[in-house]
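Step one of this worksheet: look at the structure below.
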Amino acid sequence: MSAKSALELIKLTKRYGDTVAVEAIDQTIPNGTYACLLGPSGCGKSSTLRMIAGHETVSSGDILQNSLNITDLPPARRGTAMMFQSYALFPHLSVVDNVAFSLKMKGVDKKTRQAEARQLLELVDMAPYGDRLPTQLSGGQQQRVALARALITKPSILLLDEPLSALDPFLRIRMRTELKRLQRELGISFIHVTHSQDEALALADHIIVMNGGRIEQDGPPQTVFDAPRTEFVARFIGGHNILGETHGKMAVRTDRMSILQDQPEGQAMPATVRAVEYLGTMVNVTVEAPDAGELTVSVGDTAFFAKPVEIGQSVFLKWKPEHAHSLAA
Ligand code: ADP
Ligand code: MG
1133 MSAKSALELI
1143 KLTKRYGDTV
1153 AVEAIDQTIP
1163 NGTYACLLGP
1173 SGCGKSSTLR
1183 MIAGHETVSS
1193 GDILQNSLNI
1203 TDLPPARRGT
1213 AMMFQSYALF
1223 PHLSVVDNVA
1233 FSLKMKGVDK
1243 KTRQAEARQL
1253 LELVDMAPYG
1263 DRLPTQLSGG
1273 QQQRVALARA
1283 LITKPSILLL
1293 DEPLSALDPF
1303 LRIRMRTELK
1313 RLQRELGISF
1323 IHVTHSQDEA
1333 LALADHIIVM
1343 NGGRIEQDGP
1353 PQTVFDAPRT
1363 EFVARFIGGH
1373 NILGETHGKM
1383 AVRTDRMSIL
1393 QDQPEGQAMP
1403 ATVRAVEYLG
1413 TMVNVTVEAP
1423 DAGELTVSVG
1433 DTAFFAKPVE
1443 IGQSVFLKWK
1453 PEHAHSLAA
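So this is what it looks like as structure tokens:
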């Protein structure tokens, strides 16, 4: 990976008075990456994003872009753009004028800036709506306009803070696909803040899991999901059971455990069924095991069971040793 073509965070730190919001994080994001900053509320995602954008001062550490130190540059000189939530559209300006706004600020003439704005509206599938006011658009359409408005400055990095959280679930998935398509088409980096593991897994080339102002784990989504490094990551990313309170903890994916109704040969963990949840393409069975507490087993097909699984039933859990990942303390 060439440091010349990347965003680099070096010991980046943000303090608000006594609160350390971001604690000396190191991270390299190659150009053209879809990166997701993932973590629970308050873990420092937005502070990190705002420092990258230049909307927040850096307490200590550095931000390099293509080897250039941009830590103290004003936002407009960084090659980054922030996609704000839809409510940040100017209500009194037409869609075209909203998108063209930053070009107007730069003194670009009306004809040129409106032509460019219309091109971007085309890119986000909003060409027919240029002359409307923001209030005449649906939430999803406003998001697209906000996206076009951020992209008109031709950033090399687009920063998005929880861009999908205000949308209903159906639209969220549509916009998600759209964001991925746009990032691929434009070939620029997107840095997308989210607390949704599904969103991060679906979108990212590179996931950065944050907890308490630090990076717990980073890497390709598949690696983070398959081999969570810590209990926090395993629990946060979901889809894992945590085992072994006494002799070091392990994570086993919920779909790598089998649930058997009759006692099998060899070792198996006895458990009692506490809940059965049908989720369309799979069934989640929650069981309670004497040594491990509540565990979930995801089964692809109910036809797998010889007889229906019932609450209170005694069952046995098995998994292959190679599917158990040790967790760092
Ligand atoms: P996230 O986006 O992951 O929810 P934030 O970066 O917004 O997290 O916040 C990280 C921590 O910093 C939190 O404890 C939050 O309360 C604190 N914080 C964020 N912004 C400010 C601010 N402007 N002043 C004081 N504390 C702040
Ligand atoms: Mg936030």
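Under our numbering, the first residue of the sequence shown is numbered 1133, with each subsequent residue one higher.
For glycine and all other residues, C-beta sits at the position ideal for the given N, C-alpha and C.
Among the options, the one whose alpha carbon lies nearest that of residue i
i: Ala1097; options: Leu1375, Ile1157 and Gly1193; result: Since the first residue shown for the chain is 1133 and the last is 1461, residue 1097 is missing from the structure and cannot be characterised.
i: Ser1486; options: Ile1320, Gly1345 and Arg1367; result: What the structure shows of the chain is the stretch from 1133 to 1461, and residue 1486 is not part of that stretch, so it cannot be assessed.
i: Thr1145; options: Ile1184, Thr1386, Asp1337 and Leu1170; result: Ile1184
i: Phe1357; options: Ala1232, Val1384, Ile1195 and Gly1398; result: Val1384
i: Lys1104; options: Pro1301, Leu1335 and Ser1297; result: Since the first residue shown for the chain is 1133 and the last is 1461, residue 1104 is missing from the structure and cannot be characterised.
i: Arg1147; options: Glu1363, Arg1264 and Gly1344; result: Gly1344
i: Ala1438; options: Ile1391, Thr1203, Ile1289 and Gly1164; result: Ile1391
i: Val1431; options: Asp1423, Glu1409, Lys1452 and Gln1445; result: Glu1409
i: Phe1216; options: Ser1226, Leu1205 and Asn1230; result: Asn1230
i: Gln1251; options: Ile1195, Leu1269 and Ala1280; result: Ala1280
i: Asn1163; options: Thr1404, Gly1412, Ile1323 and Pro1396; result: Ile1323
i: Arg1210; options: Val1429, Ala1278, Ser1288 and Ala1407; result: Ser1288
i: Gly1351; options: His1372, Ile1161 and Val1154; result: Ile1161
Secondary structure of residue i, DSSP reduced to three states
i: Glu1140; result: strand
i: Val1356; result: helix
i: Ala1220; result: helix
i: Asp1229; result: helix
i: Arg1316; result: helix
i: Val1152; result: strand
i: Met1237; result: helix
i: Gly1425; result: strand
i: Leu1296; result: coil
i: Pro1402; result: strand
i: Phe1302; result: helix
i: Phe1437; result: coil
i: Met1307; result: helix
i: Ala1135; result: In this prediction, Ala1135 scores a pLDDT of 49, lower than 50, which makes its location untrustworthy; the coordinate-derived value is nonetheless stated afterwards. Here Ala1135 sits in helix by DSSP.
i: Leu1269; result: coil
i: Ala1383; result: strand
i: Lys1450; result: strand
i: Ala1461; result: coil
i: Thr1244; result: helix
i: Ala1456; result: strand
i: Glu1442; result: coil
i: Leu1279; result: helix
i: Arg1147; result: strand
i: Val1365; result: helix
Inter-residue CB distance, residue i and residue j (contact presumed, cutoff 8 angstroms)
i: Gln1197; j: Ile1340; result: Their Cβ separation, rounded to whole angstroms, is 17 angstroms, which puts Gln1197 and Ile1340 out of contact at 8 angstroms.
i: Gly1271; j: Leu1299; result: 6 angstroms
i: Thr1189; j: Ile1157; result: Contact flag wrong, Cβ pair sits at about 16 angstroms.
i: Leu1169; j: Gly1186; result: With 8 angstroms as the limit, Leu1169 and Gly1186 do not qualify as a contact, their Cβ atoms being about 17 angstroms apart.
With 16 other Cβ atoms within 10 Å as the buried cut-off, status of residue i
i: Met1237; result: exposed
i: Tyr1166; result: buried
i: Asn1201; result: exposed
i: Tyr1261; result: buried
i: Ile1443; result: exposed
i: Thr1203; result: buried
i: Arg1316; result: exposed
i: Leu1290; result: buried
i: Thr1309; result: exposed
i: Ala1220; result: exposed
i: Leu1449; result: buried
i: Gly1239; result: exposed
i: Leu1283; result: buried
i: Phe1364; result: buried
i: Ser1178; result: buried
Contact test: residue i Cβ vs the ligand FMN heavy atom, cutoff 6 angstroms
i: Cys1175; result: In the structure shown, the ligand FMN is absent; the only ligands present are the ligand ADP and the ligand MG.
Beta carbon proximity, residue i to chain B, threshold 7 angstroms
i: Pro1453; result: Note that chain B does not occur in the displayed structure, where there is just one protein chain.
At which residue ranges does the region 1156-1206 contain complete beta strand (DSSP E) runs of 3 or more residues, listed in the order of the chain? 1166-1170 and 1192-1197, all fully within the region 1156-1206.
Which runs of the alpha helix (DSSP H) spanning at least 4 residues fall entirely within the region 1319-1363, listed in chain order? Counting whole runs of 4 or more residues, the region 1319-1363 contains the alpha helix (DSSP H) stretches 1329-1335 and 1353-1358.
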